[in-house]
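Peer 1: Protein chains in written order, with this note's numbering: chain P, 159 to 422; chain H, 143 to 471. I'd like to ask some things about the structure below.
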Amino acid sequence: MNKFKAYIKIGVIDALEMRFQLVYWLYVNMAPIILMAYLWSNVYSKKDSIGGFSLNMMVTYYILTRLFNRIVSTYSEERIAKDIKDGQLNQFITRPISYLSFKFGERIGIRIINLAIVIPIYIVMIFFLKKYFIWQMSLWNFLIIGVNLFLSLTSFFLLAFIIGLMAFYMIETHSLNGLKEQITGLMSGYIFPLSLLPPELQNAFKYLPFAYYYNFPMQVYFNQLSMHEMLLGLAIQCIWIVILYGICHLMWKDGTKNYEATGI
Amino acid sequence: MKSVIHLENLRKQYSYYKKQPGLWGSIKGLFHREELFVDAVKGISFDIQPGEFVGFVGPNGAGKTTTLKMLSGILYPTSGEVSVLDHKPFERKAEFQKQFALVMGQKNQLWWDLPPMESFLLNKAIYEIPDELFKKNLEELSELLDIKDILNVQVRKLSLGQRMKCELVAALLHSPKVLFLDEPTIGLDVVSQNAIREFLKKYNEEKGATIILTSHYMQDIRRLCNRVIIIHHGELLYDGTYDALHTKYSDSKTLEFTAAEEIPESELLKFGTEMKKKNNTYSIEVPREKTAEITGKLLEKYTVDDIVIHERDIEEIIGEIFISKKMRE
């Protein structure tokens with residue numbers, strides 16, 4: 159556990175070191191949401207409801223999913239692929255350290271700093287958009303969303319880890335990143351709520367890990383799920399984490415066995 | 143004494159794909175690729191005893207780094223035996239990893255954007271170094287390498303020499319028993335090279351750590367290593383002391399002397415070969431076993447002001463070994 163704390167700390171320190179990055183995060187967080195709110199208020203000027211979503215629900219959906227995105231998303235794949243390609247992985251293979259837990263810890267550390275900046279921005283933004291924002295939160299929902307976000311963070315990370323490890327087998331992993339982003343964006347409800355999709359698709363997406371990143375916690379937020387459905391959702395997330403972890407483990411074992419550590 | 147490192151018939155084969163040149167070759171390569179193999183290390187064996195400082199010498203691509211990578215567990219050997227501190231390195235057991243360190247001159251383990259101190263603290267956690275020991279080791283190492291005032295400067299702002307010193311500290315904080323150094327002085331200026339050399343010598347002597355060092359600078363090898371292992375094309379060419387290299391591969395020495403009188407060339411050539419003359423300073427090459435005898439004769443015959451006996455340059459000798467090896471192939 160001491161080791162893991164050290165990994166988180168290095169992430170925190172690393173994030174604080176990049177001061178420009180912090181300003182960038184400010185911008186990245188505010189601009190799209192304000193744009194979205196404007197866009198949707200125009201769309202809704204002709205209709206009251208789209209796919210069961212009122213304007214207020216839609217704006218709330220966008221604000222909160224962007225916030226959840228800040229919490230759960232990890233973009234470690236590029237760094238992992240780079241470590242593999244330029245041989246930096248050597249220092250992890252030769253030291254008593256688990257690369258997976260190191261990267262995970264470092265990621266959490268970076269996230270903590272990111273959130274410390276981002277959360278106040280969201281509070282300000284919600285204040286400005288408060289005529290649209292639906293505030294409804296029970297203790298139960300809060301707990302379920304909390305657990306869900308932690309599981310999402312883990313599964314999001316494992317997915318990134320798998321893509322990163324593909325660098326053991328491919329020279330370029332950018333195309334895979336792109337594919338992953340696209341799939342995640344569409345199937346998770348990040349780009350639009352999944353209730354805008356045909357019911358068959360919605361049903362199928364229940365068994366994939368993606369919908370649990372954004373669509374699921376919003377359903378919980380809007381009280382659209384029964385207790386049974388909520389627990390089932392968390393269970394499916396857990397099963398996916400086990401599966402993804404298994405894949406990571408196998409890929410790591412096989413990859414490092416055949417790793418040639420570049421440069422004779 | 144039980145050896146720390148044991149290699150027996152160790153081999154490593156890399157596979158790669160052959161690509162035919164040109165666009166058409168690239169297109170064909172999409173469907174069918176010819177797999178080729180190259181032997182980077184072709185069955186080498188040696189044993190290293192505790193406290194030895196071994197120099198690993200060979201031209202680029204000789205298999206030095208590949209061997210180091212097998213010793214540190216980065217690579218799986220294709221066949222043969224390798225054991226370090228009674229462990230098989232490729233099993234990557236934490237218990238083994240806590241007892242050695244690998245420093246590569248061309249790669250860094252320090253956090254680029256952070257001061258070295260943060261990397262040191264991270265290593266403290268990784269190697270589970272007790273507070274007391276960490277403090278003591280850090281104090282001692284930073285004193286020896288004179289890096290106290292850069293502990294809190296971002297690594298990216300350090301010079302290459304300072305960075306290398308910090309790399310060494312990071313690698314030694316957990317008091318490893320075995321140390322693998324892959325070109326630790328590469329690209330450094332003479333002053334930094336010397337500082338690092340002095341430090342390594344001291345460290346080896348005082349801590350009794352076993353060290354394997356690869357370097358292209360013969361100065362490193364000469365000053366530090368009591369044993370030299372030369373490999374070439376993945377094969378072991380020489381394993382012995384640095385001084386014995388001379389006796390084995392060079393059967394002549396050079397006599398350089400200043401004489402009061404003019405000596406005709408023909409006369410000097412009776413004593414040895416390859417005479418050179420510069421003002422009153424002469425140099426001739428003489429057979430190793432006759433050095434003393436010829437020196438005596440010269441002193442007797444001429445009025446010699448000054449005489450020096452040179453061994454041939456080791457770099458030259460090694461170069462010749464590599465070339466003659468190549469010619470035979």
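Don't be surprised by glycine CBs; every beta carbon is placed ideally from N, CA and C. Predicted model, so just to flag it, every value in this text is computed and none were measured.
Ignore the nearest five residues each way along the sequence and tell me which others in D393/H's own chain have a CB closer than 7 Å to its CB.
Peer 2: Translated into positions along the second sequence, residue 393/H becomes position 251. Closer than 7 Å at the Cβ level, and outside the excluded window around D393/H, lie P429 and R430.
Peer 1: Given a cut-off of 7 Å, decide if L287/H and L323/H are closer than it, judged by their beta-carbon atoms.
Peer 2: Stepping through the second sequence from its first residue, residue 323/H is reached at position 181. Stepping through the second sequence from its first residue, residue 287/H is reached at position 145. Result no, Cβ atoms of L323/H and L287/H do not sit closer than 7 Å.
Peer 1: If you reduce the DSSP assignment to three classes, tell me which class E427/H lands in.
Peer 2: The count along the second sequence starts at 1 and reaches residue 427/H at position 285. Strand.
Peer 1: What residue does the alpha helix (DSSP H) around E409/H start on, and which one ends it?
Peer 2: Numbered from 1 along the second sequence, position 267 holds the residue referred to as residue 409/H. Segment E407 to L410, the alpha helix (DSSP H) holding E409/H.
Peer 1: Quick one, which of L283/H, I289/H, Q251/H and Q241/H has its alpha-carbon nearest Y269/H's?
Peer 2: Numbered from 1 along the second sequence, position 127 holds the residue referred to as residue 269/H. For the residues L283/H, I289/H, Q251/H and Q241/H, the minimum Cα distance to Y269/H belongs to Q241/H.
Peer 1: Have a look at the DSSP bridge pairing and note the partners of S207/P.
Peer 2: Locating residue 207/P in the first sequence gives position 49, counting from the first residue. DSSP, once it has assigned bridges, lists S212/P as partnering S207/P.
Peer 1: Using a C-beta to C-beta distance shorter than 7 Å, which residues of chain H count as neighbours of R465/P?
Peer 2: With chain P covering 159 to 422 only, the question about residue 465/P has no answer from this structure.
Peer 1: In whole angstroms, what is the alpha-carbon distance linking E330/P and E282/H?
Peer 2: By one-based count along the first sequence, residue 330/P stands at place 172. By one-based count along the second sequence, residue 282/H stands at place 140. Whole-angstrom Cα-Cα distance: 44 Å.
Peer 1: Taking N416/P as the reference, give the member of G215/H, I436/H, I363/H and L252/H with the closest Cα.
Peer 2: The count along the first sequence starts at 1 and reaches residue 416/P at position 258. With distances taken between Cα atoms, N416/P lies closest to G215/H.
Peer 1: Please confirm whether I399/P and T342/P have their CB atoms less than 7 Å apart.
Peer 2: Start at 1 with the first residue of the first sequence, and residue 399/P comes out as number 241. Start at 1 with the first residue of the first sequence, and residue 342/P comes out as number 184. Contact flag unset, no.
Peer 1: Whole angstroms is fine: what's the gap from W253/H's alpha carbon to R305/H's?
Peer 2: Counting from one through the second sequence, the residue named residue 253/H turns up at place 111. Counting from one through the second sequence, the residue named residue 305/H turns up at place 163. Going by the C-alpha atoms only, they are around 11 Å apart.
Peer 1: Are I275/P and W183/P closer than 7 Å when you measure CB to CB?
Peer 2: For the purposes of this step, residue 275/P is taken as the residue at position 117 of the first sequence. For the purposes of this step, residue 183/P is taken as the residue at position 25 of the first sequence. Yes. Within cutoff.
Peer 1: Apply the 10 Å Cβ neighbour rule to H386/P and answer buried if 16 or more other Cβ atoms are within range, or exposed otherwise.
Peer 2: For the purposes of this step, residue 386/P is taken as the residue at position 228 of the first sequence. Its Cβ having fewer than 16 others within 10 Å, H386/P is exposed.
Peer 1: Alpha carbon to alpha carbon, how far is I405/H from T445/H?
Peer 2: Stepping through the second sequence from its first residue, residue 405/H is reached at position 263. Stepping through the second sequence from its first residue, residue 445/H is reached at position 303. Each residue's alpha carbon lies about 11 Å from the other.
Peer 1: Between L247/P and I320/P, which are expected to be in contact by the criterion C-beta below 8 Å, what is the C-beta distance as a whole number of angstroms?
Peer 2: Here residue 247/P refers to the residue found at position 89 when the first sequence is read from its first residue. Here residue 320/P refers to the residue found at position 162 when the first sequence is read from its first residue. The C-beta distance from L247/P to I320/P rounds to 16 Å, too long to meet the 8 Å contact threshold.
Peer 1: Within this structure, are the beta carbons of N422/H and T400/H separated by less than 7 Å?
Peer 2: Translated into positions along the second sequence, residue 422/H becomes position 280. Translated into positions along the second sequence, residue 400/H becomes position 258. Contact flag set, yes.
Peer 1: Taking the runs of the alpha helix (DSSP H) that are 4 residues or longer, which of them lie wholly in the segment 184-231 of chain H?
Peer 2: 206-213
Peer 1: Where does R153/H sit, in a helix, a strand or coil, going by DSSP?
Peer 2: As a working note, residue 153/H is residue 11 in the second sequence. Here R153/H sits in strand by DSSP.
Peer 1: Quick one: Cα of G421/P to Cα of N346/H, how far?
Peer 2: To locate residue 421/P, count along the first sequence from 1; it is residue 263. To locate residue 346/H, count along the second sequence from 1; it is residue 204. With a pLDDT of only 45 at G421/P, under 50, the local geometry of the prediction cannot be trusted, and the value read off the model is given with reservation. G421/P and N346/H: Cα-Cα distance of roughly 28 Å.
Peer 1: Have a look at the DSSP bridge pairing and note the partners of I371/H.
Peer 2: In the second sequence, counting from the first residue as 1, residue 371/H sits at position 229. For I371/H, which the question treats as bridged, DSSP gives the partners F198/H and D381/H.
Peer 1: Compare the C-beta of I168/P with all C-beta atoms of chain H and state if any pair is closer than 7 Å.
Peer 2: For this step, residue 168/P is matched to residue 10 along the first sequence. Closer than 7 Å: yes.
Peer 1: Below 7 Å between beta carbons: does that hold for A337/H and A243/H?
Peer 2: Against the second sequence, residue 337/H aligns to sequence position 195. Against the second sequence, residue 243/H aligns to sequence position 101. No, the Cβ-Cβ distance between A337/H and A243/H is not below 7 Å.
Peer 1: Determine the extent of the alpha helix (DSSP H) in which A267/H is found, giving its start and end residues.
Peer 2: In the second sequence, counting from the first residue as 1, residue 267/H sits at position 125. Start and end: P258 to I268.
Peer 1: How about K240/P: is its C-beta nearer than 7 Å to some C-beta of chain H?
Peer 2: Here the question's residue 240/P lines up with position 82 in the first sequence. Not a single CB atom of chain H sits nearer than 7 Å to the CB of K240/P.
Peer 1: Using a Cβ-Cβ cut-off of less than 7 Å, give me the residues of the segment 207-236 of chain H that come near chain P, in sequence order.
Peer 2: T207, T208, K211, S214, G215, I216, L217, Y218, R234 and A236
Peer 1: If the criterion is Cβ atoms closer than 7 Å, does the pair I459/H and Y391/H meet it?
Peer 2: Reading the second sequence from its first residue, position 317 is the one you call residue 459/H. Reading the second sequence from its first residue, position 249 is the one you call residue 391/H. Their beta carbons are under 7 Å apart, which means I459/H touches Y391/H by this criterion.
Peer 1: Considering only the beta carbon of each residue, do E427/H and E442/H sit closer than 7 Å?
Peer 2: Reading the second sequence from its first residue, position 285 is the one you call residue 427/H. Reading the second sequence from its first residue, position 300 is the one you call residue 442/H. No, the pair does not count as a contact, with Cβ atoms beyond the cut-off.
Peer 1: Closest Cβ-Cβ distance between I268/P and chain H: below 7 Å?
Peer 2: Residue mapping note: residue 268/P aligns to position 110 of the first sequence, counting from 1. No, its Cβ sits nowhere closer than 7 Å to a Cβ of chain H.
Peer 1: With which residues is A362/P paired in a DSSP beta bridge?
Peer 2: For the purposes of this step, residue 362/P is taken as residue 204 along the first sequence, with counting starting at 1. Looking at the DSSP assignment, A362/P forms no beta bridge with any residue, so it has no partner.
Peer 1: Which word fits S301/H, buried or exposed, when buried means at least 16 other C-beta atoms lie within 10 angstroms of its C-beta?
Peer 2: For the purposes of this step, residue 301/H is taken as residue 159 along the second sequence, with counting starting at 1. S301/H is exposed by the Cβ-count criterion.
Peer 1: Would P258/H and V297/H qualify as a contact pair, given that the criterion is a beta-carbon distance under 7 Å?
Peer 2: Translated into positions along the second sequence, residue 258/H becomes position 116. Translated into positions along the second sequence, residue 297/H becomes position 155. Closer than 7 Å, so yes.
Peer 1: For L315/H, which residues in the same chain have their Cβ closer than 8 Å to its Cβ, ignoring the five residues on either side in sequence?
Peer 2: Here residue 315/H corresponds to residue number 173 of the second sequence, with the count starting at 1. Taking L315/H as the centre and dropping the five residues before and after it, the same chain places the C-beta of F262, N265, K266, Y269, I271, F276, N279, L280 and L283 closer than 8 Å to its C-beta, in chain order.
Peer 1: What are the residues of the segment 239-253 of chain H that lie near chain P, defined by any Cβ-Cβ distance shorter than 9 Å?
Peer 2: Q239, K240, F242, A243, L244, M246, Q248, K249, N250, Q251 and W253
Peer 1: For N373/P, I'd like the list of residues in its chain whose CB is within less than 7 Å of its CB, leaving aside the five on either flank, ordered along the chain.
Peer 2: To locate residue 373/P, count along the first sequence from 1; it is residue 215. Here the set comprises S346, G347, P351 and L352.
Peer 1: According to DSSP, is G421/P helix, strand or coil?
Peer 2: Counting from 1 along the first sequence, the entry for residue 421/P is found at position 263. Residue placement at G421/P cannot be trusted, given a pLDDT of 45 that sits under 50; what the coordinates show is reported in the next sentence. The answer is coil: DSSP assigns G421/P none of H, G, I, E or B.
Peer 1: Answer yes or no: do A325/P and K243/P have a C-beta to C-beta separation smaller than 7 Å?
Peer 2: Translated into positions along the first sequence, residue 325/P becomes position 167. Translated into positions along the first sequence, residue 243/P becomes position 85. Yes, Cβ-Cβ distance for A325/P and K243/P is below 7 Å.
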